[in-house]
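Sequential numbering from 1 applies to the sequence shown in this note's numbering.
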Amino acid sequence: MEETVELIEGKVDWKGRPAQKDKHGGSRTSLLILGSLTFESMATFALAVNLVTYFTGTMHFDVATSANQLTNYMGTSYIVTIAVATLADTYIGRFKAVLLATSIEFLGLGLLSLQAHYESLKPPTCVMLDPSSTCVQVSGANAVLLFVALYMVGIGSGGLKAALPAHGADQFDDEDEKEAEEKSSFFNWILLSMCVGGAISLTFFVWIEDHKGWDWGFAVSTIAMFLAIIVFAVGLPQYRIHVVNGSSALTKIAQVYVAAIRNRNLQLPEDHDELYEVRLDKEAADEGAELLPHTDAFRFLDKAAIDTSPENPTPWKLCTVTQVENAKIVLNILPLFLCTIIMTLCLAQLQTFSVEQGVTMDKSMGKHFQIPPASLPIIPVMFLVVLIPFYDRIIVPFLRRLTGIPTGITYLQRVGVGLILSSLSMAVAAVVEAKRKRVAREQGMVDANPFVDSLPISVFWLGFQYFIFGIADMFTYVGLLEFFYHQVPRDLKSISSCFLWTSMSLGYFLSTILVKTVNRATRDVTSSRGWLAGNNINRNHLNLFYWLLSALSLLNFCVYLFVSKRYKYRQGSHEDGSSRLRELQSIHDQSRSN
1 MEETVELIEG KVDWKGRPAQ KDKHGGSRTS LLILGSLTFE SMATFALAVN
51 LVTYFTGTMH FDVATSANQL TNYMGTSYIV TIAVATLADT YIGRFKAVLL
101 ATSIEFLGLG LLSLQAHYES LKPPTCVMLD PSSTCVQVSG ANAVLLFVAL
151 YMVGIGSGGL KAALPAHGAD QFDDEDEKEA EEKSSFFNWI LLSMCVGGAI
201 SLTFFVWIED HKGWDWGFAV STIAMFLAII VFAVGLPQYR IHVVNGSSAL
251 TKIAQVYVAA IRNRNLQLPE DHDELYEVRL DKEAADEGAE LLPHTDAFRF
301 LDKAAIDTSP ENPTPWKLCT VTQVENAKIV LNILPLFLCT IIMTLCLAQL
351 QTFSVEQGVT MDKSMGKHFQ IPPASLPIIP VMFLVVLIPF YDRIIVPFLR
401 RLTGIPTGIT YLQRVGVGLI LSSLSMAVAA VVEAKRKRVA REQGMVDANP
451 FVDSLPISVF WLGFQYFIFG IADMFTYVGL LEFFYHQVPR DLKSISSCFL
501 WTSMSLGYFL STILVKTVNR ATRDVTSSRG WLAGNNINRN HLNLFYWLLS
551 ALSLLNFCVY LFVSKRYKYR QGSHEDGSSR LRELQSIHDQ SRSN
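Structure representation (structure tokens):
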């Protein structure tokens, strides 16, 4: 008797054959995806925290401009996720999208290595904080090379973030109780992989950049990126690959709004069953296509599904009910999405101004070792390396028994915890900065050159703000990744992670705008010509800026509470991540009792 082969709906292997549960996907296969992410994090974490030093010390931008250049780069890295997700969904698939993105990132890092190595591709060496030095900012062809290479890294990194989490989630089957729980853990392990790679990057890679030179630092990042490509590609025969459907989810959503506007003068039928919908044939159902039931929310969008065309209506004039419901889901998520932007605004300061603070402080760790300021994020990263497995294997199962929710607490509760912690982190940062400036005044070192004389205050004081924000990271960003993935229907899975990355992108761009706005608003009321102006951070008013961010974060948290309490989970979703798994658990328990 032949053994029955269990196939996975909507998934194929690398040769286009239906994926088999026993041969493709699962937690073991996802380890290759996590391994690739670990190497990619090794390559890029050091850039996120140390590039501002490269911009000031090597390319000779001033402090505020360096901070803005970094946040613009980070913002671009995340905003590109939308384009890559659409490309993956419509044309090339998630596996090829990851492979293409990592290759672009690899080439960008290689170009950065070359520029850092050859003196002719950089401005002449000088000391930015020495008044007697004449520093020339990078310009011309060298500036073009810098930004082309930098944004190739950004585009590649963003592309990987767009496609890799969804590709990893494709390795698990929601209809299988064990795999559904494993997928929930997978999102936690994504952050753990980033932390492991980040820990190596923030210590070993940063040390190389600071002690062996930027050319060596970028070179080891390039090697790590090459290993990321190899590890990911090796898993091809074992992957469950999502079938490309040839249409973009974002385009379909845009069609709903265009059709609703074009049909705005039409009268909605009393019976919603009269709205236009297609029927699934067996082949479409087997491929995992999904029809969504009608809801009464945002009724104005229902006009997109009023059928008045005789034959072959254009999709920009008539949409299906499922299309309309997809658009409603995105609109329903939008207020929550907007509430998460402010957290990345706070993160941007830890990657820019906090590093500049660390440059001025005592970096001694024992008698013979000094920790690079850019390595300070290792404090929350190492903590998360320990906390994430503890949270996933001990805290979540304990909360699961109390609440009946597979993730322990709901996604929105998890996000809320992170948002309030980000406000606390900025308040702590303000207190620490006030203390650092007081030490500078008391010691008569306000105008001291930090590369020669460090302030007599340990750089580890900055660890408190990094530590608190690291915990906020674990709650908010992982919670958002899971929330967006589970709340969108199957047609939008490939762009689900883009909600998080786009939120982060807007946060970075908002940081650039806020820094410029604050400097302009305070130009005439401060001796430094702005809270954040100039190269001497001891004469700036960074502590006031941190208090502003803390207040904005607290206000944002209050808005989030109001919005999240009124959020309604979509019909047919996991609703708090629990309904489907509870049903599976009930079936499992009944089968065991029988």
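Idealized CB from N, CA, C, for every residue including glycine.
Ser157 is positioned such that its CB atom lies no closer than 8 Å to that of Ser36.
Secondary structure of Ser458 (DSSP, three-state): strand.
The count of Cβ pairs closer than 8 Å, one atom from the stretch 196-213 and one from the stretch 386-406, stays below three, leaving the stretches out of contact. Residue burial is scored here from C-beta neighbours: Met42 has at least 16 other C-beta atoms within 10 angstroms and is therefore classed as buried. For Ile208, the uninterrupted alpha helix (DSSP H) segment begins and ends at 206-211.
In this structure, DSSP gives Gln20 an extended state, which the three-state scheme calls strand.
DSSP places Ile537 in no beta strand (DSSP E); its state is neither H nor E.
Counting only runs of 4 or more residues that sit fully inside the stretch 117-190, the alpha helix (DSSP H) segments are 140-169, in chain order. Between Leu32 and Val231 the beta-carbon gap is near 6 Å, inside 8 Å, which marks them as a contact. Three or more beta-carbon pairs separated by less than 8 Å are not found between the stretch 110-125 and the stretch 172-190, which leaves the two stretches without contact. In this model, Phe106 and Ala297 are separated by some 45 Å (Cα to Cα).
In the three-state reduction of the DSSP assignment, Leu7 falls in the strand class, which pools E and B.
Within the stretch 33-108, the complete alpha helix (DSSP H) segments of 4 residues or longer fall at 63-79, 81-87, listed in chain order. Ranked by Cα distance from Ser221, the first of Phe55, Leu555, Asn50, Ser505 is Asn50. The beta carbon of Arg240 sits closer than 7 Å to those of Ile8, Lys11, Ala19, His24, Gly25, Asp170, Gln171, all from its chain and outside the five residues before and after it, given in chain order. Annotated three-state conformation of Met361 is strand, per DSSP.
If you ignore the 5 residues before and after Leu145, its C-beta comes within less than 8 Å of the C-beta of Leu111, Gln115, Leu121, all in its own chain and listed in chain order. Straight-line spacing of the CA atoms in His167 and Ala224 works out to 21 Å. Counted as a single uninterrupted DSSP element, the alpha helix (DSSP H) harbouring Ile253 occupies residues 249-262. Beta-carbon to beta-carbon, Leu268 and Ile306 are separated by about 7 Å, close enough to satisfy the 8 Å threshold. Comparing alpha carbon positions, the residue from Leu100, Thr134, Thr58, Ala162 closest to Met504 is Ala162. By the beta-carbon neighbour count (other beta carbons within 10 angstroms, threshold 16), Ile261 is exposed. It is roughly 60 Å from the alpha-carbon of Arg17 to the alpha-carbon of His368.
The straight-line gap separating the alpha-carbon atoms of Phe499 and Phe484 is approximately 7 Å.
Proximity of the stretch 530-545 to the stretch 351-369 meets the contact definition, three or more beta-carbon pairs being nearer than 8 Å. Of the residues assessed, Tyr567 falls on the exposed side of the cut-off, its CB having fewer than 16 other CB atoms within 10 angstroms. Relative to Tyr546, the option among Ser184, Val431, Phe337 whose CA is nearest is Val431.
Under the criterion of beta carbons closer than 8 Å, Thr476 and Val415 qualify as touching, at roughly 5 Å. A residue is called buried when at least 16 other Cβ atoms come within 10 angstroms of its Cβ; Asn68 meets this threshold and is buried.
Apart from sequence neighbours up to five positions away, the residues of its chain that approach Ala429 with a beta-carbon distance below 6 Å are Gln465, Tyr546, ordered along the chain. Minimum Cα-Cα distance from Ile333 among the listed residues Leu481, Phe300, Asp273, Ala233 corresponds to Leu481. For Leu387, the uninterrupted alpha helix (DSSP H) segment begins and ends at 378-390. Taking the Cα positions, Ala440 is about 20 Å away from Thr352.
Considering only Ala472, Gly404, Phe460, the residue with the shortest C-alpha distance to Ile420 is Ala472. When DSSP states are grouped into helix, strand and coil, His294 belongs to the coil group.
Shortest Cα-Cα distance from Leu561 to any of Leu412, Gln487, Ser193 involves Leu412.
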